[in-house]
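To convert, count from 1 in the sequence shown and add 500; that's the numbering used here.
Positions of the beta carbon are idealized from the N, C-alpha and C atoms, including for glycine.
Working notes, beginning with the structure itself.
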Amino acid sequence: MAAHSPLYGAKMSCLMQGIFLLQKNVSVLANYVQTVLCYSNIIKGNVIPKTNNETEDFTMKRKMVSALLCATMVAGMVVVPAATAQAADKKLIGVTMPTKDLQRWNQDGDNMKKELEAAGYEVDLQYASNDVSTQVSQLENQVANGCDLLVVASIDGSSLGEPLKQAKEKGIPVISYDRLLMNSDAVTYYATFDNYKVGQKQGEYLVDALDLDNQDGPFNIELFTGDPGDNNCNFFFGGAMDVLQKYIDDGKLVVKSGQTEFEQVATANWDSAKAQDRMDTIIAGNYSDGTNLDAVLCSNDSTALGVENALAASYTGEYPIITGQDCDTPNVKNLVAGKQAMSVFKDTRALASAVVKMVDSIMKGEEPEVNDTKSYDNGTGVIPTYLCDPVVVTTDNYKEILIDSGYYTEDQIK
Ligand code: BGC
């Protein structure tokens, strides 16, 4: 992460203000103690009035000391509860993430927590080890524990109906994070990257790399997408196939395995090992006789990694062009090593900032900014959405986009 991000600047300015206030208060307190000590000497008779005027003056000063002492007690009673009330007033935001297994969700969770805390919120951040029942109970706890708003990145978008219903009954707003929560009218807003564009960019990359508009081919391609319970897959796979289908129909692209339907190319839990198993089988059945595999559409980096491992284990032909998404570090290393052609970068810092802005607007009773009010229908209606922009990363621009921007250090991708 950037050493001097805007967040860092904001933190430093808070710190400086804190130090300034502390200094100011310490000097006020010192003056005050000096005055009280001086006057208490008068009261205790350590200083004796000599004239009538001095006696009057001392009587007045004695009254002032009493008043100051009373003020101290009253201030003590008022200031301490006010400070406690301020802490109790902090809004609590529940954030649930699907798993710690994939790098991106760790970054999402960290960024969300940091930014929400910097904006003055308390945060309850939970990871559910890709286990739906764990995520259900985490959400139920957050509702029961008085969270003021929930941000949910689901494992299976359709399986959180019950806790979401409880949230709605308590009037707790729910923001769908990255993945759309389906079939629930409790969902208030959605923030994600433009998922259709992610797939479209992967498809367009393959068209350009194989020069499909000028070459006859045919080129062999295999297809991999993610978990069927993740609504994003429909957009990733749909976006890519909207670009590639016509070349398959023209016979320029051939899927030798014959596996082209969504159900056939899906990968449960986006699991690399499952993608690897399926690729092993595809290689054994279609490419073990020296037939070249020219391209593999992979919806994300974890599936791409499985495919790359299978190729390393048993494929002997010319190395194919492979797509991905997320710019996870093992995949960026593979990119540099020539084992993956591209990945789509989704800057989790940008998504976290957009969601924190949304949270802040909702908590202040204002309308959050959205930029899409037609694409994401969760079965109960269109959910107003804020879409961040995905960016294609290759060996040509990875340094600028990933390292110069402070997302990774050079060491992380060595
Ligand atoms: C996210 C991807 C991620 C995948 C697997 C999707 O919902 O949008 O960025 O690669 O889940 O975790």
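Helix, strand or coil for residue i per DSSP?
i, result
"E867", "coil"
"C919", "Past the edges of the chain, shown from 501 to 914, lies residue 919, and the structure says nothing about it."
"T894", "coil"
"E615", "helix"
"Q603", "helix"
"S540", "For S540, the predicted structure reports a pLDDT of 42, less than 50, and the residue's modelled location is therefore unreliable. The matter cannot be settled from this model."
"L664", "helix"
"I915", "As displayed, the chain neither begins before 501 nor continues past 914, which places residue 915 out of reach and without an answer."
"M501", "Because M501 carries a pLDDT of 30, less than 50, the predicted location of this residue cannot be relied on, and the following value inherits that uncertainty. Coil."
"L916", "In the structure as shown, the chain begins at 501 and stops at 914. Residue 916 is therefore absent and cannot be evaluated."
"C733", "helix"
"Q745", "helix"
"K899", "helix"
"I883", "coil"
"D474", "Because the chain here runs from 501 to 914, residue 474 falls outside it and cannot be looked at."
"A691", "strand"
"L877", "Here the sequence assigns Asp to residue 877, which means Leu is not the residue at that position. DSSP places D877 in strand when its eight states are reduced to three."
"D589", "helix"
"D789", "coil"
"K561", "The pLDDT assigned to K561 is 46, lower than 50, so where the model puts this residue is not dependable, and the model offers no usable value."
"D872", "strand"
Rounded C-beta distance between residue i and residue j? I'm assuming under 8 Å.
i, j, result
"A766", "C733", "7 Å"
"K752", "D716", "7 Å"
"I822", "D794", "Wrong, their Cβ atoms sit about 11 Å apart, outside the cutoff."
"A810", "M779", "4 Å"
"D826", "K846", "6 Å"
"V856", "L616", "6 Å"
"L650", "A667", "6 Å"
"A628", "Q638", "6 Å"
"V632", "E662", "At roughly 11 Å, the Cβ-Cβ gap does not stay under 8 Å, so V632 and E662 are not in contact."
Please indicate yes or no: does the CB of residue i lie closer than 8 Å to some heavy atom of the ligand BGC?
i, result
"G726", "yes"
"T692", "yes"
"K846", "yes"
"L616", "no"
"P830", "no"
"S772", "no"
"R778", "no"
"S802", "yes"
"L602", "yes"
"Q825", "yes"
"D678", "yes"
"D730", "yes"
"N695", "yes"
"P718", "no"
"P598", "yes"
Need the endpoints of the beta strand (DSSP E) that residue i sits in, please.
i, result
"S676", "V674 to Y677"
"S637", "Segment V632 to A644 is the alpha helix (DSSP H) holding S637; no beta strand (DSSP E) there."
"N720", "F719 to F724"
"G594", "L592 to M597"
"L650", "L649 to V652"
"Q626", "E622 to Y627"
"S757", "Segment: none, S757 is in no beta strand (DSSP E) and carries neither H nor E."
"S843", "S843 to F845"
Here's the rule: buried if 16 or more other CB atoms are within 10 angstroms of the residue's CB, otherwise exposed. What is residue i?
i, result
"S757", "buried"
"T848", "buried"
"S843", "buried"
"Q702", "buried"
"T873", "exposed"
"T496", "As shown, the chain starts at 501 and ends at 914. That puts residue 496 outside it, with no answer to give."
"E900", "exposed"
"N800", "buried"
"T596", "buried"
"Q607", "buried"
"T551", "With a pLDDT of only 39 at T551, under the threshold of 50, the placement of this residue in the model should not be trusted, and no figure is reported."
"M577", "Any answer about M577 is weak, because its pLDDT of 44 lies below 50 and its placement is not dependable; what the coordinates show is given next. So M577 ends up on the exposed side."
"G739", "buried"
"A656", "The amino acid occupying residue 656 in the given sequence is Asp; Ala does not appear at that position. By the 10 Å Cβ count, D656 comes out buried."
"V687", "buried"
"D711", "exposed"
"T599", "buried"
"T781", "exposed"
"V882", "exposed"
"N831", "buried"
"Q910", "At residue 910 the sequence reads Glu, which differs from the Gln that was named. Looking at its Cβ environment, which holds fewer than 16 other Cβ atoms inside 10 Å, E910 is exposed."
What is the residue span of the alpha helix (DSSP H) that residue i lies within?
i, result
"D780", "S772 to I782"
"A709", "N695 to A709"
"V765", "F762 to V765"
Kindly examine the ligand SAM and report whether one of its heavy atoms sits closer than 8 Å to the Cβ of residue i.
i, result
"D789", "With respect to the ligand SAM, the structure offers nothing, as its ligand set consists of the ligand BGC."
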